Amino acid sequence: MKDILDEVAGWRKAGKQVAIARVVDTDGSGPREPGAAMAVNEDGEVIGSVSGGCVEGAVVEEALDIISSRDRRMVTFGYSDDEAYAVGLTCGGTIHLYIEPLDW
Amino acid sequence: MSDAIFDVWVEAIKAAEPVCLVTVVKAEGSAADSVGNKLLVRPSKPALGTLGHAELDRVVERDALAELEVGRSGVRNYGAEGQQREDDLTVFVESQAPPPRMIIFGAVDFTAALASTAKLLGYRVVVADARPVFATRKRFPMADELRVKWPDDVFDEFGEDLGPRDAVAILTHDNKFDVPAVVRALETRVGYIGVMGSRKTHEGRTKRLREVGVDDAGLDRLRSPLGIDIGGRTPEETAISICAEIIALRSGRKVSALRDTEGPIHER
């Protein structure tokens with residue numbers, strides 16, 4: 002999270018709507034530790050990463066949806082029991098992300 | 002300055018102050034509307050925000066401070082009113098701890114390699130030696146701080162702030178420096194105390210430490226000889242061996258530590 006703070010604070014200052022996705026938990030060989038984060042603003046600009054590049058595209062979609070819906074939720078990527086998400090991680094692990102608007 | 006949680010959080014991180022941001026990421030039952038609630042926790046400052054219940058805030062603040070001390074981030078479950086072993090709520094505890102510190106005693110050949118390796122791992126490195134001719138900036142350009150001081154003075158300066166994530170490596174091989182350094186290191190809460198030397202040096206030093214009153218519990222805290230048994234020989238290989246031992250102690254993995262093995266430390 003630390004690595005993207007300056008950029009995110011800048012967006013906020015400029016009055017942009019922002020969503021932040023943070024890795025909160027991993028199962029198996031997740032590529033990034035809890036605390037890894039990426040942020041997306043209303044113009045679709047992206048900073049940071051939450052995996053080795055496997056799921057970032059899908060996270061941007063989720064984040065843009067959250068910017069418009071003001072919703073906040075957990076999203077899981079990787080092959081969990083229900084295999085609900087088509088996007089997998091090349092390492093075979095699972096990451097749990099929490100995505101929310103920056104309204105706090 | 003704004004008192005929005007985000008702004009206070011950013012300020013603390015930029016000032017390298019330890020800070021922990023707790024967010025409710027999942028909630029069920031009566032607490033279902035608390036997702037997104039936040040508590041910003043800092044040592045010796047009142048917490049900011051609320052997770053939705055005063056008792057929950059109190060319990061989570063206590064747990065978050067403990068996580069912050071070891072620099073760990075992750076999810077934890079609680080009941081809606083802070084009950085343990087219930088899982089109405091899942092919170093994400095995100096620790097932002099300042100970088101850990103490593104103090105290396107002894108301005109010897111191994112010191113530069115260990116200081117460089119520790120820097121690679123994100124430590125703030127202090128190199129200390131009482132002998133001005135050895136403890137020079139030219140020899141240790143990578144050190145964040147250099148102290149031409151006796152161990153007592155170094156611990157007077159840094160000892161109180163040392164915690165479980167920090168490390169002390171004593172590489173002097175000289176009882177005159179080693180013994181006071183070990184004694185003072187044992188008075189701190191530092192997580193790793195490694196002491197260099199052959200097995201013979203270790204035996205002599207252990208005897209000397211007992212004479213000055215170090216007990217079994219104290220001796221048991223020491224990694225001596227320090228490092229894991231990878232047959233390292235050069236200063237660089239030894240530095241890797243020491244840092245690997247520190248990582249293994251933190252993660253709780255079982256490795257072959259030199260202090261638990263027998264026979265020569267280096268191949269003949």
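Same order as they appear, the protein sequences are chains A and B.
Position one of the first sequence corresponds to residue 2 (this note's numbering), numbered consecutively onward.
Position one of the second sequence corresponds to residue 2 (this note's numbering), numbered consecutively onward.
Where a beta carbon is used, it is the ideal one built from N, C-alpha and C, also for glycine.
Small disclaimer: the values here were computed from a predicted structure and weren't measured.
Grab the span of the alpha helix (DSSP H) containing residue i for me, first residue to last.
i: residue 90 of chain B; result: Counting along the chain, residue 90 of chain B falls outside any alpha helix (DSSP H), though it belongs to the beta strand (DSSP E) covering 90 to 97.
i: residue 112 of chain B; result: 110 to 121
i: residue 152 of chain B; result: 152 to 159
i: residue 251 of chain B; result: 236 to 252
i: residue 69 of chain B; result: 55 to 71
In its own chain, which residues sit with a C-beta less than 6 Å from the C-beta of residue i, not counting the 5 before and 5 after it?
i: residue 236 of chain B; result: 110, 111 and 114
i: residue 161 of chain B; result: none
i: residue 102 of chain B; result: 125 and 167
i: residue 173 of chain B; result: 106, 107 and 179
Under 7 Å Cβ-Cβ, which residues of chain B neighbour residue i?
i: residue 119 of chain A; result: The question about residue 119 of chain A has no answer, for chain A in this structure spans 2 to 105.
i: residue 73 of chain A; result: 36 and 37
i: residue 26 of chain A; result: 75 and 76
Can you pull the chain A residues whose beta carbon is under 8 Å from the beta carbon of residue i, in chain order?
i: residue 11 of chain B; result: 6 and 10
With a CB to CB cut of under 8 Å and the five nearest residues on each side skipped, what residues in its chain are close to residue i?
i: residue 16 of chain A; result: none
i: residue 181 of chain B; result: 151, 152 and 153
i: residue 132 of chain B; result: 108 and 149
Distance, Cα to Cα, residue i vs residue j?
i: residue 21 of chain A; j: residue 78 of chain A; result: 16 Å
i: residue 94 of chain B; j: residue 24 of chain B; result: 7 Å
i: residue 51 of chain A; j: residue 69 of chain A; result: 21 Å
i: residue 232 of chain B; j: residue 18 of chain B; result: 39 Å
i: residue 262 of chain B; j: residue 230 of chain B; result: 8 Å
i: residue 90 of chain B; j: residue 74 of chain A; result: 13 Å
i: residue 14 of chain B; j: residue 3 of chain A; result: 7 Å
i: residue 218 of chain B; j: residue 211 of chain B; result: 11 Å
i: residue 67 of chain A; j: residue 27 of chain B; result: 16 Å
i: residue 168 of chain B; j: residue 175 of chain B; result: 20 Å
i: residue 116 of chain B; j: residue 34 of chain B; result: 49 Å
i: residue 225 of chain B; j: residue 185 of chain B; result: 16 Å
i: residue 50 of chain B; j: residue 257 of chain B; result: 46 Å
i: residue 192 of chain B; j: residue 83 of chain B; result: 30 Å
i: residue 227 of chain B; j: residue 194 of chain B; result: 9 Å
Residue range of the beta strand (DSSP E) that residue i falls in?
i: residue 106 of chain B; result: 102 to 106
i: residue 26 of chain B; result: 20 to 28
i: residue 102 of chain A; result: 95 to 102
i: residue 15 of chain B; result: Segment 6 to 15 is the alpha helix (DSSP H) holding residue 15 of chain B; no beta strand (DSSP E) there.
i: residue 75 of chain A; result: 74 to 78
i: residue 36 of chain B; result: Run containing residue 36 of chain B: none; DSSP gives neither H nor E here.
i: residue 260 of chain B; result: Counting along the chain, residue 260 of chain B falls outside any beta strand (DSSP E), and DSSP gives it neither H nor E.
i: residue 227 of chain B; result: Note, residue 227 of chain B: premise wrong, no beta strand (DSSP E); not H, not E.
i: residue 75 of chain B; result: 75 to 79
i: residue 83 of chain B; result: Taken as a continuous stretch (DSSP letters only), residue 83 of chain B belongs to no beta strand (DSSP E), as it is neither H nor E.
i: residue 49 of chain B; result: 46 to 51
i: residue 170 of chain B; result: 168 to 171
Cβ closer than 7 Å: which chain A residues qualify as neighbours of residue i?
i: residue 14 of chain B; result: 3 and 6
i: residue 255 of chain B; result: Within chain A, no residue comes near residue 255 of chain B; the closest Cβ sits about 20 Å away, beyond 7 Å.
i: residue 26 of chain B; result: 25, 75 and 99
Going by beta carbon distance, what residues of the same chain come within less than 7 Å of residue i, once the five residues before and after it are set aside?
i: residue 72 of chain A; result: none
i: residue 76 of chain A; result: 63, 98 and 100
Which residues in chain B sit within 9 Å of residue i, going by Cβ to Cβ distance?
i: residue 33 of chain A; result: What residue 33 of chain A touches in chain B: nothing, since even the nearest Cβ is about 11 Å away.
What does residue i reach in chain A if we use C-beta pairs closer than 9 Å?
i: residue 97 of chain B; result: 2, 3 and 36
At what residue ranges does the stretch 6 to 72 of chain A contain a whole run of the alpha helix (DSSP H), taking only runs of 4 or more? List check, alpha helix (DSSP H) in window: 6 to 14 and 57 to 70.
Between the stretch 35 to 46 of chain A and chain E, which residues of the former have CB atoms less than 7 Å from a CB of the latter, in chain order? Judged by its chain identifiers, the structure shown contains no chain E, and its protein chains are A and B.
Please go through the stretch 186 to 224 of chain B and give each complete alpha helix (DSSP H) segment of 4 or more residues, from N-terminal end onward. If we require 4 residues or more, the alpha helix (DSSP H) runs fully inside the stretch 186 to 224 of chain B come out as 200 to 212 and 217 to 222.
Segments of 3+ residues assigned as beta strand (DSSP E) that fall wholly inside the stretch 125 to 155 of chain B: The stretch 125 to 155 of chain B contains these whole beta strand (DSSP E) runs: 125 to 129 and 146 to 148.
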